[in-house]
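Plus 177 on top of the position in the sequence shown (first one is 1) and you've got my numbering.
Reviewing the structure listed below.
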Amino acid sequence: MAKFYESLTPELAAFIKKQHIFFVATAAPGARINLSPKGLDSLRILDEHTLAYLDLTGSSAETAAHLRTAPRMTMMFCGFAADALLLRVYGQGEGVLPRDQRWAKLRALFPAHPGARQIVIMEVESAQTSCGAGVPLMGYAGERGTLSEWARKKGEDGMAEYRREKNAHSIDGLPTGLVDD
Numbered sequence: 178m179a180k181f182y183e184s185l186t187p188e189l190a191a192f193i194k195k196q197h198i199f200f201v202a203t204a205a206p207g208a209r210i211n212l213s214p215k216g217l218d219s220l221r222i223l224d225e226h227t228l229a230y231l232d233l234t235g236s237s238a239e240t241a242a243h244l245r246t247a248p249r250m251t252m253m254f255c256g257f258a259a260d261a262l263l264l265r266v267y268g269q270g271e272g273v274l275p276r277d278q279r280w281a282k283l284r285a286l287f288p289a290h291p292g293a294r295q296i297v298i299m300e301v302e303s304a305q306t307s308c309g310a311g312v313p314l315m316g317y318a319g320e321r322g323t324l325s326e327w328a329r330k331k332g333e334d335g336m337a338e339y340r341r342e343k344n345a346h347s348i349d350g351l352p353t354g355l356v357d358d
């Protein structure tokens with residue numbers, strides 16, 4: 178049976194902290210709905226109403242584009258280990274860019290992952306749990322080093338060029354705001 182919460186309780190926060198993967202969903206008007214997996218120790222609970230994750234450069238930038246026009250966002254956490262639980266967190270998202278005044282303070286909360294392009298802040302409006310009995314049991318085998326190694330090899334200049342080429346617009350042509358226009 179589903180249960181709703183107005184904030185992240187200590188129990189929900191503890192569940193979130195145990196997860197190695199989470200999913201982020203956004204949708205801008207007239208654009209495709211985006212659902213992205215996230216990992217690599219990139220999530221922080223700032224308080225019972227605020228989540229933040231370090232967004233690393235990748236092949237697209239849908240979340241950044243969507244949040245500029247429609248800040249609605251959902252995060253989902255699945256109990257793949259012993260905890261048979263699904264947690265959806267609903268709220269409003271905002272991207273904080275390296276050129277923003279808040280960047281340095283927020284960036285210090287995360288490991289030194291290369292290729293960081295923004296920090297997404299989610300103001301939690303509600304959370305909902307359900308049983309998760311249909312989610313398979315899966316074990317954690319470790320993090321992949323591929324993304325970090327790719328970003329490290331490209332270097333800051335190479336990453337900036339990649340973002341200009343690949344992350345300036347969403348797959349639907351929406352501007353992401355990740356590069357200077």
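Even for Gly, the Cβ is constructed at its ideal location relative to N, Cα and C.
- Exposed is the label assigned to Leu286, since fewer than 16 other Cβ atoms lie within 10 Å of its Cβ.
- In the displayed model, Tyr230 falls within a strand according to three-state DSSP.
- Taking C-beta atoms as the reference points, Phe192 and Asp260 count as a pair closer than 8 angstroms.
- The C-alpha of Gln305 lies about 13 angstroms from the C-alpha of Ala190.
- The residue from Cys308, Ala293, Thr323 and Pro352 with its alpha-carbon nearest to that of Asp334 is Ala293.
- The shortest C-alpha to C-alpha distance from Glu271 to any of Arg279, Arg265 and Leu264 is the one to Arg279.
- In the same chain as Thr227, and ignoring 5 residues on each side of it, the C-beta atoms closer than 8 angstroms to its own belong to Ile298, Met299, Glu300 and Val301, in chain order.
- By the neighbour-count criterion, in which a residue is buried when 16 or more other Cβ atoms sit within 10 angstroms of its Cβ, Tyr317 is exposed.
- Residue burial is scored here from C-beta neighbours: Asp218 has fewer than 16 other C-beta atoms within 10 angstroms and is therefore classed as exposed.
- Residue environment for Phe254: buried (at least 16 other C-beta atoms within 10 angstroms of its C-beta).
- Not a single unbroken stretch of the beta strand (DSSP E) spanning 3 or more residues falls wholly within the region 294-348.
- Looking at the backbone, the Cα of Gln295 and that of Lys180 are separated by about 32 angstroms.
- Here the alpha carbon of Arg249 sits roughly 33 angstroms from the alpha carbon of Lys331.
- With contacts defined as CB atoms closer than 8 angstroms, Ile348 and Arg221 fail to qualify as a contacting pair.
- Gly268 counts as buried, since no fewer than 16 other beta carbons sit within 10 angstroms of its beta carbon.
- Counting C-beta atoms within 10 angstroms of its own C-beta, Leu314 has fewer than 16 neighbours from the protein chains shown and is therefore classed as exposed.
- With 16 or more neighbouring CB atoms inside 10 Å of its own CB, Glu239 falls in the buried class.
- His243 is the residue among Thr186, Tyr182 and His243 whose C-alpha sits nearest the C-alpha of Pro206.
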